[in-house]
Structure formats: structure tokens, C-alpha cells
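So for the sequence shown, the working numbering puts the first residue at 5; every next one is plus one. Okay, structure first, notes after.
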Amino acid sequence: MIKRCLLYVIYCCDLISLCTSSNSKRLLLNDPDVINNRLIRLEGIVSMLNTSLQLVTTENQRQEQEIQRQSQEIQQQRLTIQKQDKTVEQLSSNIQRSGATYIRWARTQCPGNDTELVYSGWAGGSYFNNPGAAAEYVCLPQDPDFVKTSGGDYGRMYGAEFDSNFFASDANDEDVPCALCRPKYSSSSIMIPGKNTCYPGWKIEYHGYLASGHHTYQSANSFVCVDINPEYIIGGLAAHNGKLFFEVLAKCGSLKCPPYKPNHPLTCVVCTK
């Protein structure tokens, strides 16, 4: 806009100069008409310059208003981004606080970089052949806290060991470790028997073979997932029994075969989401 105004003024000045140059040579410089004509031309030029100046001033004001508007918009966007950053931070914090937990049986550490090890311990439970035994396997911490020094001998807690070489070629009578794990960005955890991969939308934490107690023993049993690459507790090779780990075989009948296969050991997988 400014450039066009200046070009217009220069063009007008050149046009006036061309139209009057030939006649002005024949006129006296002190002729009143000449002076008057020159004054009129100068007034016209000044008027055009004033008009151009007003246009330039108006354009500058418009640009300043636009700059101010854009500055306000940028400031508003910064505030919006700050709010969004706080929201993302809060959501991330909420996700981390709501993390699920699971036990990794027969391992001392948790898998992956986004999983927190709560503690590493030893597998335990009730004695394998007691009729009043509890069903669950438990993961006992290595630093127990005691308050009382005595009590009635009713409930009992034993260590746990493999009672076959199924899980590894040298697993029989080895004591079983465990690890309590907490995924930082997951709110749910599941163990799927009969699978070694997770369904879509779920993340695999570990996989292995399904384990339980022996079906002929009197104690109640539960199912857990033993890691595909089991570890042992150092110095734990002895037939102390306690809570025992056995492989689990598929038995056809009410269990549909296919898709299950008779007497095939069942796999398992632990998944989070």
C-alpha cells in the first residue's frame, strides 16, 4: 500500500513537470501567473502527499491493531497449551497411581522398563496334603514383620517347590521364587489359561505354563502361571514339600476337545491394559 502511494505521487509530479516545462521557459520567473500556478501545483502536491500520508498512517494503525490481535491470540494459545500440559500431567499421574499388580511366579524380577518391582519374594502356601489347607499360592516377602511371639497352631504357612521336572529339566524339589510387579501405565491385569499370547488391545507381561497342586492330594488347589524360564531360590534344592507346583493337563469331556487337546499341558499368559 505504501509503495503504491509513493509511486502515484512521483507519477503526478512527473506529469505536471512534463506538461509545463516547455511553456515555463517562455515565461518570466516573476510573472504573478507563473507564481500562482506554481503555488497551485505545490498545494496539489502537498494535498496528495497528505492524502498518501493519511493512507500510510491508516495502514500502519491497521497493522498495529493486527499485530496486537495476533499477540493476544498467541498469549491465549500459550495459556491453552499450559492448561493442556497440566491436564496431560494430571492424567499421566492418575494412570500411574491406578496401576494394576500381578505376581510373576518362578522369577525374581519384573519384565519390561515400564514395570515397577514392588518386592521379590518366595512362593508359599498351605501344606500340600492337609485337608484344611488354603487353596491360594502366596508370594511371601523376604523381610517379614512380626509383632506377637506365639499363637495357636491352626493355620500354617509353608514354602513352595516344584514337584516335577516339567517346568525345567532340573526343577524337581527346587524352591520357587516370585516377584510382585506393578505396571506403571496399566489399570487392569489378567491371567489367561490356555494362551501364550494376549488378545488385541492387551500387553503381554509374561507367559509360561499353568500350574496347580496334585489332583489326588487332599488340600485345595488354585491355578497360577509359572514363567516359561523359571528361576530357583538359591540353596533351595531339598524335598521339603510344602505348597507344590505341578503342570496342568487338559482333560476332555465337559472341556471341549477340540479346540483343547487331551492330556496336553496348558499354557498361560499374564496381560495388562
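All C-beta atoms in this analysis are idealised placements derived from N, C-alpha and C, irrespective of residue type, glycine included.
For Gly240 and Gln222, I'd like the C-alpha separation in whole angstroms. 25 Å
Lys277 vs Lys199 beta-carbon contact at 8 Å: no
Which term fits Asn117, buried or exposed, when burial requires 16 or more other beta carbons within 10 angstroms of its beta carbon? exposed
Burial state of Ile39, where buried means 16 or more other Cβ atoms lie within 10 Å: exposed
When you compare only the Cα positions, how much space is there between Ser192 and Ala104? 5 Å
I'd like the span of the beta strand (DSSP E) that includes Ile208, first residue to last. 207-216
Less than 8 Å separating the beta-carbons of Ala183 and Ala127? no
Rounded to the nearest angstrom, what separates Ser2 and Arg160 at their Cα positions? Any question about residue 2 goes unanswered here, given that the chain covers just 5 to 277.
Report the residue from Gly205, Thr61, Asp167 whose alpha carbon sits nearest the alpha carbon of Asn245. Out of Gly205, Thr61, Asp167, Asp167 has the C-alpha closest to the C-alpha of Asn245.
Measure the alpha-carbon distance for Ser26 versus Leu46 and round it to whole angstroms. Model confidence at Ser26 stands at a pLDDT of 46, short of 50, so the residue's coordinates are unreliable; what they give is reported in the following sentence. Rounded to the nearest angstrom, the two C-alpha atoms are 18 Å apart.
How many angstroms separate the CA atom of Gly136 from the CA atom of Lys87? 58 Å
Could you tell me if Gly125 is buried or exposed, where buried requires 16 or more neighbouring beta carbons within 10 angstroms of its beta carbon? buried
Can we say the region 140-152 touches the region 73-92, given the rule of at least three CB pairs closer than 8 Å? Counting Cβ pairs under 8 Å, fewer than three are found: no touch.
Backbone CA spacing between Pro115 and Ile194 [nearest angstrom]: 15 Å
Counting only the same chain and skipping the five closest in sequence on each side, list residues whose C-beta sits under 6 Å from that of Thr24. Interpretation of Thr24 is limited by its pLDDT of 49, a score under 50 that renders its predicted location unreliable; the figure taken from the coordinates is listed afterwards. Correct list: empty, nothing qualifies.
Which same chain residues end up closer than 8 Å to Gln146 when comparing Cβ atoms and leaving out the 5 residues on each side of it in sequence? Tyr123, Ser124, Gly125, Trp126
Relative to the C-alpha of Pro234, which candidate in Lys255, Gly212, Lys90 has its C-alpha closest? The residue with the shortest Cα to Cα distance from Pro234 is Gly212.
Please return the same chain residues whose Cβ sits closer than 6 Å to the Cβ of Tyr236, not counting the five positions on each side in sequence. Glu178
The beta strand (DSSP E) spanning Arg108 covers which residue range? 106-109
Which value, in whole angstroms, describes the spacing of the CA atoms of Phe250 and Gly156? 31 Å
Which of helix, strand or coil DSSP assigns to Leu270: coil
With distances taken from CA atoms, which of Ile44, Arg73, Val274 is nearest Leu214? Val274
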